[in-house]
Structure formats: structure tokens, C-alpha cells
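Residue numbers (our numbering), protein chains in the order written: chain A, 296 to 867; chain B, 307 to 419.
Notes follow once the structure below has been shown.
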Amino acid sequence: MKKRWCNSGLPLVVGATLAASAALAQSVDTARIENAGQNDWLTYHGSYKSHHYSPLAQINASNIGNLGVAWTHIPGRSTRGLQSMPLVADGVLYYSGSYSRVFALNGATGEVIWSFFPELDEALISRQTHSPYNRGVALGEGKVFVGTMDGRLFGLDAKSGKVLSETRLIDSQKLTVGFTGAPLYAKGSVIIGSQGGEWPGRGPIFAVDATTGKKKWEFLTVAGTDEAMKTWGNDSWRTGGGGGWMPGTYDSETNSVLWGTANPAPLYDWSGADYKTQGARPGDNLYTSSVIALDIDTGKLKSYHQELPHDAWDFDSAVGEFVMLERDGQKYVVHPNKGGFVFVYDRNLGVKNVWRLVENINFVKDIDPKTGALIGRRDFPVGKVTEVPLCPFIGGGISWNAGSYNPKTGLYYKIGQEWCMTLDIQKTTPVTAPQVQLNIGADFKMVPPPSGEIYGHLDARDPITGAKKWEVRFPEPPLGSVLSTGGNLVFVPDSRGILHAYDAETGAELWKHNNGTGHQGGIVSYSVGGKQYIAVAAGFGGMLADEYAPNFGGVYKSMPRDDGALVVFSLK
Amino acid sequence: MLKLHLKSLPAVLGASLLCVVVARAQSATPAPDNGSLDVEQLFAGTCGFCHSDGGRAAGRGPQLMNSQRDDEFLHNRIKIGKQGAMPAFGESFSDAQIDQIVKYIRALKPREG
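Put into C-alpha cells, the structure is as follows:
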């Protein structure tokens, strides 16, 4: 396989001290990620438990007034902003920017240890719609793994940035899509899901051997089993969709990878109520808009729950974390769905509860909390959906960035989005041939909810019952991830560019700082040399953020959508 | 409904294709010689994802109805795209097809009712 290097991306080791530090670092392995040492942030969701929580308490509710910027790093070429989740191991911070640029930085100073700029198929990327942002890397076995928009997975030497493996997984020239989501490292494998949803593919999720870089298995989220094939009438599996564009997690007790899958295509079906037999894709369309458990060694499907059978609204399950909890001897997995509901499962994905995070939901009347069955679903025929708009908006009641579970407070902190849309559903011709663009099936427009204004909210809730303890409202929905810490703090990077810190028990705002541009990426905490840091990605733009300027005006009118910075805070 | 039939276009758009043709680097799906381009479907399938309400309102992309941009600008933006904002459709559509899309944009009117 041809190896591609960009001159400016040649690894550069800066400083003997840093090199020595990196050399002394322990390799990141499954046990270490599972134990989630408090000084590090070793995987996208913080640990396999997906808490997005740091037990560090040096920065706390009593001293946060002294929090200030420690250092900043500019990745450059931040087309559509900076959307990634930084990772930290042994004092070294790793993160990715648009075009899959990867940086290893001294976590205390921001000094660049090495950088990697892959040479990409720019002509292909210029034709892509959901591109060229990248949402993160994975660490494992002394390597940093990153996916690319043109369908490859790189394994880089964590000490030097040198390319150790390059695996082509998707023929992106043929299918258009590639990888924007972070990979997951677990048990010697690197798991990564492709984009899908709006394109005529079968939405593969891959496992690659972390040592050799060879593909181990591939699971097709569209008609990936005989059972699933029967749920795509009229061979509509060829129209496809699916995919798993955000990282899931690993459950060592069941030896399973848990992953959320994307929607079928076209997004909006004209079937009306007869969706089982009529329309663009008759049937339930397994395993789209589902959560699935795959054997990590073989990729075989072990269990699943389709959160939205025959998703006709683009409220898929690819978004969100798999929060693992124990309560009263029961083990739970909490998974938010884009439609605004939060599903609570047992470890085998059996439904234990379903609760609403979002007020404005009308694509169904409800979801049965005991079975997960949809009640009173709205399936549209051809025509306009204007008198009673569809809620939520296509951006979702819940977007793809993560919430945070704080074991000290027992609360789950999660952003909800209150907005709706009008539609003009159209009967489009099936798109089954690989081609370059999308398969939506409707014209649409963002509108306020019937009950009032568009807004977003940070909720502090019981993750199992959904009982709300407090709420903070925002004039526009925040799009970044949430972090909670052992210092009784909840950090919310908002869309206007303000990083807020709230009291984790009460929701009282304790501190804020303007980062100068909107947030739609990750936020983590770590410690180097006994000092705690908070790192947040700033930089706006992309499929949802691009809606803000025309719909909300204000600061968004002049906000760049091709810029970004990693901003790191510590106590002064 | 505004439909534009492009009988003289190259064999690129068949009944199974909404709007776009395979990139040159891959083998194209054969399409009949008399393939037609339904621009309204093109908007419902692809363009409307960013140009809200079928191009009548601003969304992820700008409002196209009553655009102050001239035809040459619109043609080139569709063909070449804009990094991080507008995909390049130059490998998907011929110049004649892009002209038809521009013509459709010029004919956009507010929805009735």
C-alpha cells in the first residue's frame, strides 16, 4: 500500500525532556483504559464507562475564580471548526483537527512534540458534504489511531508520530463517505464506524488489529444478517444508509463492543402509515437507528435494540455515549437518542426505562418505558408538514456531543435542544448506485416550537429515572460536550463561545470565560506534575453550526467557520 | 412543480439517479441517453439539505431564491464549490446541467399557502 506523507507533517520531536517523558510513558492498554487513572483521559468517552467525568478536584467550586488560560494551540486549517475530543496519557495531550491533522503536545506547556498531517484526496473531500472535520483519535499499544475522510485508518507511533500502519477500509471514491468519528481501542482491536445515513452504502463498522493494522472483521449496519435483510422490502437495502459515525464503547464483562448506528436513506420516507409495506424502504430497516452489541473478537451480533424502527425522521442512534452505571445491584447502560429520548438498558441491551430529556417531541406521542415500543408515531405521506411542525428539528433533541455522569452527585448532565422543522416530503427515485451526494427526501426549514422560542438547556438528571434536579437554559442550543469533575463542577462550552462552569449540585454559575468563537467539540480534564488542567476545543462550523448564523444572527453572523483553537486552563 | 427535461444531455442521469453521477475515478452506472434531470428532486435529495425550503430560505447554505449573484457566479459555485461550505459538483454535472440548475434557481417563487 502506498504510503503518503506531507512534508510539513514529518514528525518532529521537540526537546529532550519531552522525548524522555514520552519514552518513560506506560503503554495504554485495555486494563488501563478500564481503570481510567485520574490524571489521564485515555479514550474518547473518558473510560469505557463513558462518564466523561474527571475525579480531579484541584480546580473546584471554591477556587474556580482563579481559573485562567494556561496555553493555547492553533491547529490551522480548521475548516468547519474544531470538533475533536482531546486525549491525554502520561502528560502528553493528543488531539486531531480538520483534515485528520494530529498533534501530540506537552500537556503542561502546549509545546508541540510531533504533528501528523496526512496527505488526503483533496478532490474527493471537495465533493463531500459532511467533511473535513475529525472528531478524535484513539490510544492503544503505544500508538495513536486516526481515521480519514478518504477511508483510511492510520496507526501512528505515540512517541514520534511516525506512521506504523495504514489500512484502507472504505473505497471512498466509490461510496463518497469516510471516517470523521474517533476510533475506539479495546482488547487489541481498533474499532471505527463509517459515515452512512444519507448515502447508499451498508454502513460498515470495522475492527482492525492494533498490532498489525490488518482488518479483523466488518459488520454491516444495513442488512448485516439474514434477519435484517428481511426488513428492507423491495431490495431497499441497496439504498442503505446506516453507519456508526461516533465511537461506542467496550464492555469487558460481556466481551462486547457497544455501538450506535445511523439512520436509513432517504431520511424522510413518503410511506405514510404503511411503512411496513410501502414507501422508499418498506420494513424496519435493521440495524439502522439501533444500538448493537458485537463480539469484539469476531464482530458477530450478540444483541441489539432498534431505538427507532423504520426511522422516518433522521433521529438516529449514532449520537451519544453509553454510560455504564450500577444501582441497587443492577448494571445499566444509558444511551441518549437524537430524537430527545434517553434509553436505559441492561448490559444485554434489554430496555429498562426510557425518559424524555427534551420537551418538544412529536415524532411519536411517547415511547413505552417498559418495552421501548414507539407509541403514536408520525409517518408522513408526500406533501407538506407545516401546520404541526415536526419536533425536534433535524439537528435533534440531542446532538452528537457527549454529556457527563458524575458518580459523586449521581447526576447525568446533558444538553437538550428545543427546536422544530417544517417539511415538504417528496417521492424521490431510489438511489441505489454509488454516487456522490445525499438522499434526503424532503425540503425542510428550522422553525420555533409551537410552544414558543428555540432554546437549549443543560439538565442535571437522575440517569436511570430521568428525574430532573436542575436546569440551565441557553438562548441557542450549546453543541459542545459536557465535563463534570470531582471538584463539584460542570463545564459547558456554549455556542456563542463562552465556557461556563456550574456548581454540580445546584446549577449556579460560578465562572465563565469567552474563548472568542463557538464550541462544538470536546472538553476534558487531566493532571501533569500535580497540576490540573481543563482542555476544550473551540471552533464553530459544520452541518448544524452552519444553521446558527441565518437562524439566530447576532454573534453568529461574524463567527468564523474555518477557525479553531485548543484552549487549556489551569489555576493562576 | 417545475421540471426541466434535458434531452440533449450526455448519458449521465438515469431513472435511478436523483441528481449526481459517479465520480470520474469510478465506473459509472449506465444511464439512458434520454436521461432527464428533475431539479426539484435534486433539491429534495441533496441541495435542500443546506438550502432550506428547497432553496427558498437560508439554512446551512444561503437562500437561493432572489439571489443577487449573477448566473456566472452561481454556475461556478455549483461547479467548483467552496471549501468547507459547498461541495464541488463539477464532476457530477456537465456545464449544461449546471445551467439548468441555475435556471431552476432563477424560477424559484415563495410557496403558495
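Ideal Cβ placement from N, Cα and C applies to all residues, glycine included.
Residues sharing a beta bridge with residue i, DSSP
| i | result |
| --- | --- |
| residue 780/A | 349/A, 784/A |
| residue 656/A | In the DSSP output, where bridge partners are listed per residue, residue 656/A has none listed. |
| residue 676/A | 566/A |
| residue 625/A | 622/A |
| residue 756/A | 707/A, 763/A |
| residue 699/A | 708/A |
| residue 805/A | Paired residue(s): none; residue 805/A is not in a bridge. |
| residue 272/A | A query on residue 272/A cannot be resolved here, the shown segment of chain A reaching from 296 to 867 and no further. |
Cβ neighbour criterion (16 or more within 10 Å) applied to residue i
| i | result |
| --- | --- |
| residue 424/A | buried |
| residue 737/A | buried |
| residue 507/A | exposed |
| residue 746/A | exposed |
| residue 639/A | buried |
| residue 663/A | exposed |
| residue 770/A | exposed |
| residue 264/B | Residue 264/B cannot be examined here, being either before or after the span of chain B that is shown, 307 to 419. |
| residue 749/A | buried |
| residue 362/B | buried |
| residue 864/A | buried |
| residue 848/A | exposed |
| residue 321/A | exposed |
Between the CA atoms of residue j and residue i - distance to the nearest angstrom
| i | j | result |
| --- | --- | --- |
| residue 763/A | residue 454/A | 45 Å |
| residue 795/A | residue 358/B | 32 Å |
| residue 866/A | residue 371/A | 27 Å |
| residue 347/A | residue 701/A | 8 Å |
| residue 372/B | residue 412/B | 7 Å |
| residue 755/A | residue 352/A | 19 Å |
| residue 703/A | residue 721/A | 50 Å |
| residue 653/A | residue 632/A | 11 Å |
| residue 610/A | residue 344/A | 24 Å |
| residue 269/A | residue 380/B | Given a span of 296 to 867 for chain A in the structure shown, any question on residue 269/A remains unanswerable. |
| residue 598/A | residue 583/A | 14 Å |
| residue 696/A | residue 753/A | 13 Å |
| residue 648/A | residue 378/A | 31 Å |
| residue 605/A | residue 860/A | 39 Å |
| residue 765/A | residue 341/A | 24 Å |
| residue 500/A | residue 544/A | 13 Å |
| residue 709/A | residue 777/A | 7 Å |
| residue 323/A | residue 518/A | 35 Å |
| residue 402/B | residue 338/A | 50 Å |
| residue 760/A | residue 650/A | 7 Å |
| residue 358/A | residue 376/A | 31 Å |
| residue 671/A | residue 607/A | 13 Å |
| residue 434/A | residue 802/A | 33 Å |
| residue 369/B | residue 824/A | 53 Å |
| residue 676/A | residue 570/A | 10 Å |
| residue 799/A | residue 515/A | 40 Å |
| residue 624/A | residue 330/A | 20 Å |
| residue 464/A | residue 540/A | 14 Å |
Distance between beta carbons of residue j and residue i, contact taken as under 8 Å
| i | j | result |
| --- | --- | --- |
| residue 673/A | residue 658/A | 6 Å |
| residue 449/A | residue 461/A | 5 Å |
| residue 383/A | residue 486/A | Between residue 486/A and residue 383/A the Cβ distance is about 21 Å, and since that is not below 8 Å, they are no contact. |
| residue 505/A | residue 483/A | 5 Å |
| residue 523/A | residue 603/A | Actually they do not touch by this definition, with Cβ atoms about 15 Å apart. |
Continuous beta strand (DSSP E) stretch holding residue i: start and end
| i | result |
| --- | --- |
| residue 443/A | Counting along the chain, residue 443/A falls outside any beta strand (DSSP E), and DSSP gives it neither H nor E. |
| residue 401/A | 396-401 |
| residue 716/A | 715-720 |
| residue 546/A | 544-546 |
| residue 367/A | 362-368 |
| residue 408/A | 407-411 |
| residue 651/A | 646-651 |
| residue 392/A | 387-392 |
| residue 818/A | 818-823 |
Alpha helix (DSSP H) segment containing residue i, residue limits
| i | result |
| --- | --- |
| residue 385/B | 377-386 |
| residue 346/B | 345-351 |
| residue 405/B | 401-413 |
| residue 842/A | That residue, residue 842/A, is in no alpha helix (DSSP H); it is neither H nor E in DSSP. |
| residue 549/A | Here residue 549/A belongs to no alpha helix (DSSP H), and DSSP marks it neither H nor E. |
| residue 521/A | 521-524 |
| residue 469/A | 467-470 |
| residue 421/A | 417-422 |
| residue 588/A | No alpha helix (DSSP H) contains residue 588/A, which is instead part of the beta strand (DSSP E) from 585-590. |
| residue 327/A | 325-330 |
| residue 358/B | 358-361 |
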